[in-house]
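Going by full-length UniProt numbering, the first residue of the sequence shown is number 1, and it counts up by one from there. C-beta atoms are modelled at their ideal positions from N, C-alpha and C, and glycine is treated no differently. Report on the structure given below.
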Amino acid sequence: MPPGAGLADAPGAGDGDAAVLREKLVDAALRHVKRLGWSDAALFAAARDLGLSPSVAGLLPGGGAGLVEAFVRRSNRQLASELAAARALAQQQQEQGQQQQQQDRAQAGPSGRGDGQPQGQGAGQGADPVAALAAALSSPDPAARLAAALRRRLELGVAPHIDTWPSALAAVASDPRRARAGAGLLWEVADEAVAAAAGGGGGGGVGGDWYASRAVAASAYAASELYMLTDFSPNFQDTWRQLSRRLGDAEALRRAADGAGGAARSLLADLLARVGHAPGGGGGGGGGGGGGGGGGGGGGGGGGGGAGGAWGVGAEWRGPEAAAPDGPAGTWPGAGEQRQQQ
Numbered sequence: 001m002p003p004g005a006g007l008a009d010a011p012g013a014g015d016g017d018a019a020v021l022r023e024k025l026v027d028a029a030l031r032h033v034k035r036l037g038w039s040d041a042a043l044f045a046a047a048r049d050l051g052l053s054p055s056v057a058g059l060l061p062g063g064g065a066g067l068v069e070a071f072v073r074r075s076n077r078q079l080a081s082e083l084a085a086a087r088a089l090a091q092q093q094q095e096q097g098q099q100q101q102q103q104d105r106a107q108a109g110p111s112g113r114g115d116g117q118p119q120g121q122g123a124g125q126g127a128d129p130v131a132a133l134a135a136a137l138s139s140p141d142p143a144a145r146l147a148a149a150l151r152r153r154l155e156l157g158v159a160p161h162i163d164t165w166p167s168a169l170a171a172v173a174s175d176p177r178r179a180r181a182g183a184g185l186l187w188e189v190a191d192e193a194v195a196a197a198a199g200g201g202g203g204g205g206v207g208g209d210w211y212a213s214r215a216v217a218a219s220a221y222a223a224s225e226l227y228m229l230t231d232f233s234p235n236f237q238d239t240w241r242q243l244s245r246r247l248g249d250a251e252a253l254r255r256a257a258d259g260a261g262g263a264a265r266s267l268l269a270d271l272l273a274r275v276g277h278a279p280g281g282g283g284g285g286g287g288g289g290g291g292g293g294g295g296g297g298g299g300g301g302g303g304g305g306g307a308g309g310a311w312g313v314g315a316e317w318r319g320p321e322a323a324a325p326d327g328p329a330g331t332w333p334g335a336g337e338q339r340q341q342q
């Protein structure tokens, strides 16, 4: 393709395959965000890499904020795909385990012991994230199942770009039109995680019912996303611990309310929605509008605090005016070096 070709000249454009080109643009732009931030400049550099006109950046309306939204949507889709594969694998392993037990009983000798043949390898071996998820989703603890799903989403969508993620949050916070879409994307994460948690171990999700569980998941995810920004522990171990602790507290509240009267249950959803909030993280409730003081983001629909999630915060963490002298807007000065030294 000749340099400077426009959108109409792009491969597949005549066939209306703009979605494929958009994904290619996102892929190329992600290679530039460490140097240029989540910005128009990263999109223009991506267009140059693809041999296209800068006008192709219009495939992602909103510039840097549009790039962030596209990446978040992609991360949500990847989470959904991995969770579906993990649930299928967990079911397969459960069926194989039952068959193995039947074979062991049939082959047991007079002593009641088997013949010592290998029993096969367990799930979650190696670095396969799907196998690890399958093992976690088989846990009898609903809080552990939910934590595994939320952790995987953070690993997919935040950890790879942790040093520039404050600028991603700032880019979205600067565009109030993204608030409603951002709330919807956070609820997507919550819904996927709760569905995965409810499907394993033979029990419901944290919170006892769907709405309480998704409020817990959304608020815990948003709080953990912010926690990661200043977590320099190896492999974000402190983040995973605080995530498990928050969800464990929520499950303890649910169990304490089991069998209680109507008054206790009427307070449960509100208490659960508050468990996941980060200190100073505000947020809440229904009603539209993003932004807000103290880092809160209101949330575009539905009860359960923290619906704005990462989309209602960011500017106070590290906005464009706080950029390092030699780094892109919104990066943490020295963050990469500190993590490399761990």
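Could you give the C-beta distance for residue i and residue j, rounded to a whole number, given that I count them as a contact under 8 Å?
{"i": "V189", "j": "L146", "result": "Actually they do not touch by this definition, with Cβ atoms about 11 Å apart."}
{"i": "V33", "j": "A42", "result": "5 Å"}
{"i": "W38", "j": "S174", "result": "So it is not a contact: roughly 11 Å between Cβ atoms."}
{"i": "A171", "j": "A65", "result": "5 Å"}
{"i": "R214", "j": "D191", "result": "6 Å"}
{"i": "A28", "j": "D49", "result": "5 Å"}
Apart from the five residues just before and just after residue i, which ones in its own chain have a Cβ nearer than 6 Å to its Cβ?
{"i": "R31", "result": "none"}
{"i": "R153", "result": "L79, V189"}
{"i": "A90", "result": "A134, L137, S138"}
{"i": "A45", "result": "H32"}
{"i": "Q98", "result": "none"}
{"i": "L60", "result": "G66, L67, A70"}
{"i": "P54", "result": "F44, A47"}
{"i": "R22", "result": "L59"}
Should residue i be labelled buried (16 or more other beta-carbon atoms within 10 Å of its own) or exposed?
{"i": "E82", "result": "buried"}
{"i": "S233", "result": "exposed"}
{"i": "T164", "result": "buried"}
{"i": "V216", "result": "buried"}
{"i": "T239", "result": "buried"}
{"i": "P142", "result": "buried"}
{"i": "G295", "result": "With a pLDDT of only 36 at G295, under 50, the local geometry of the prediction cannot be trusted, and the value read off the model is given with reservation. It counts as buried."}
{"i": "V158", "result": "buried"}
{"i": "R77", "result": "exposed"}
{"i": "E251", "result": "buried"}
{"i": "V26", "result": "buried"}
{"i": "residue 356", "result": "Lying before the first or after the last residue shown, residue 356 is absent from the chain, which here runs from 1 to 342."}
{"i": "G312", "result": "Note that G312 scores a pLDDT of 41, beneath 50, so its modelled location is shaky; the value from the coordinates is reported in the next line. Buried is the call here."}
{"i": "A256", "result": "exposed"}
Output the boundary residues of the alpha helix (DSSP H) element that contains residue i.
{"i": "A57", "result": "Run containing A57: none; DSSP gives neither H nor E here."}
{"i": "S219", "result": "210 to 228"}
{"i": "F71", "result": "64 to 107"}
{"i": "S39", "result": "Looking at the DSSP string, S39 is not in any alpha helix (DSSP H), and its letter there is neither H nor E."}
{"i": "P129", "result": "129 to 137"}
{"i": "A29", "result": "18 to 30"}
{"i": "P166", "result": "165 to 173"}
{"i": "R177", "result": "Careful: R177 lies outside any alpha helix (DSSP H) and carries neither H nor E."}
{"i": "A144", "result": "142 to 157"}
With a CB to CB cut of under 7 Å and the five nearest residues on each side skipped, what residues in its chain are close to residue i?
{"i": "residue 381", "result": "Given that the chain is displayed from residue 1 to residue 342, the structure contains no residue 381 and the question cannot be resolved."}
{"i": "L243", "result": "A147, L150, R151, A220, S224"}
{"i": "P129", "result": "E82, R152"}
{"i": "F236", "result": "A159, M228"}
{"i": "R245", "result": "none"}
{"i": "L156", "result": "S75, Q78, L79"}
{"i": "A196", "result": "L83, R87, L137, R145, A149"}
{"i": "K24", "result": "L50"}
{"i": "D326", "result": "Here the model assigns D326 a pLDDT of 41, short of 50, so the residue's position is not dependable, and the following value carries that caveat. There are no such residues."}
Only counting the same chain, and skipping five residues up and downstream in sequence, which positions put a Cβ closer than 8 Å to that of residue i?
{"i": "G62", "result": "E69, D175, R177, R178"}
{"i": "R73", "result": "L185"}
{"i": "D40", "result": "A57, G63, G64"}
{"i": "D231", "result": "D238, T239"}
Across which residues does DSSP place residue i in a beta bridge pair?
{"i": "L186", "result": "Paired residue(s): none; L186 is not in a bridge."}
Comparing the CB of residue i with every heavy atom of the ligand MN, is any distance shorter than 8 Å?
{"i": "A85", "result": "No copy of the ligand MN occurs in the structure displayed, which carries no ligand at all."}
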